[in-house]
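Chemist:
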Amino acid sequence: MSPWVNQIGFSQRVRLEWFEQTANLVLAGNDKSAVNNALQKLLKDKVSVNGQAERGNREKIITILLKVWLNAPAKLESLRVRGLELLRGLPRADHMAVHWGMVMAVYPFWSGVATQVGRLLKLQGSATAAHVQRRVREQYGERETVSRATRRVLRSYLDWGVLQKTDTKGIYTAGTTQPVDDSLLIAWLVEAAMHARANGLTTLKDLLDSPSFFPFRLKPTHAESLVGASSRLDILRHGLDDDLIMLRKQPTKRDSP
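Adding 2 to a residue's 1-based position in the sequence shown gives its number in my numbering.
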């Protein structure tokens with residue numbers, strides 16, 4: 003597993019509406035200081051109430067929000083900009099998919115937990131927290147930080163409405179499942195998923211059917227359509243019906259004439 007994909011980072015319970023608010027602040031042209039101040043005000047009565055710790059839960063949540071929609075890693079800058087454009091133009095019902103994609107690209111751990119949840123839901127119609135924990139620790143290591151982060155991510159899924167509780171504690175079923183039909187959004191989600199993977203290429207079917215997208219139903223599409231919708235994706239032919247998708251190498255300043 004590459005160092006990028008092996009990082010955890012996402013260690014807090016973060017609500018969907020907080021990501022939406024952050025993106026709206028960025029789209030309105032606010033700088034980092036203004037966005038930070040607005041988020042501090044938003045979360046003041048919701049997280050770490052009366053807390054004085056320099057790096058309390060509120061500060062950690064704000065760090066996550068800012069890293070996703072304001073100061074994403076350089077290699078994700080074009081993905082971030084395009085994601086903001088999608089949020090500006092798409093119906094509100096499609097916004098969750100954009101936030102999901104950007105979070106999984108910036109924090110592959112989110113995608114790792116989603117993959118295990120999605121697999122369990124597909125196999126048995128429910129996901130037990132203990133089973134998800136065991137599978138995630140097998141991948142990321144037997145560390146308390148892994149267990150704690152997994153709990154926070156699962157709680158985030160509940161907040162987002164993509165999982166729902168059952169009468170049995172620690173057992174969840176699928177919540178909201180949203181169709182994704184917009185070809186530009188599908189191409190963008192495929193790109194986001196590629197950034198969350200350790201390998202540099204995979205089959206189109208594997209991407210579209212990925213358990214990491216368990217809250218969504220991505221419309222079947224052809225590889226040519228994806229590449230036509232995103233200049234950052236490329237096709238590697240592999241048999242008649244098994245196209246491989248990869249991220250296209252982006253030119254750097256050193257590469258420029």
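Just so it is clear, CB atoms sit at the ideal spot from N, CA and C, and this is done for glycine as well.
(1) Could you spell out the range, first to last residue, of the alpha helix (DSSP H) harbouring residue 44?
(2) Rounded to the nearest angstrom, what separates residue 113 and residue 214 at their Cα positions?
(3) Would you decide whether residue 16 is buried or exposed? Buried here means 16 or more other CB atoms lie within 10 Å of its CB.
(4) Could you tell me which whole alpha helix (DSSP H) segments of length 4 or greater appear in the segment 182-212?
(5) For the segment 24-43 against the segment 184-193, do three or more pairs of beta-carbon atoms, one drawn from each stretch, fall closer than 8 Å, so that the two count as touching?
(6) Is it true that the CB of residue 198 sits closer than 7 Å to the CB of residue 209?
(7) Helix, strand or coil, according to DSSP, for residue 174 in the structure here?
(8) Can you tell me the Cα-Cα spacing of residue 294 and residue 28, whole angstroms?
(9) Would you kindly work out how many angstroms separate the C-alpha atoms of residue 164 and residue 66, rounded to a whole number?
(10) Looking only at its own chain, which residues have a Cβ that is under 6 Å from the Cβ of residue 173, when we skip the five neighbours before and after it?
Modeler: The answer reads as follows:
(1) 34-45
(2) 6 Å
(3) buried
(4) 185-197 and 206-210
(5) no
(6) no
(7) strand
(8) The requested residue 294 does not occur in the structure, where the chain is confined to residues 3 to 259.
(9) 20 Å
(10) 128 and 130
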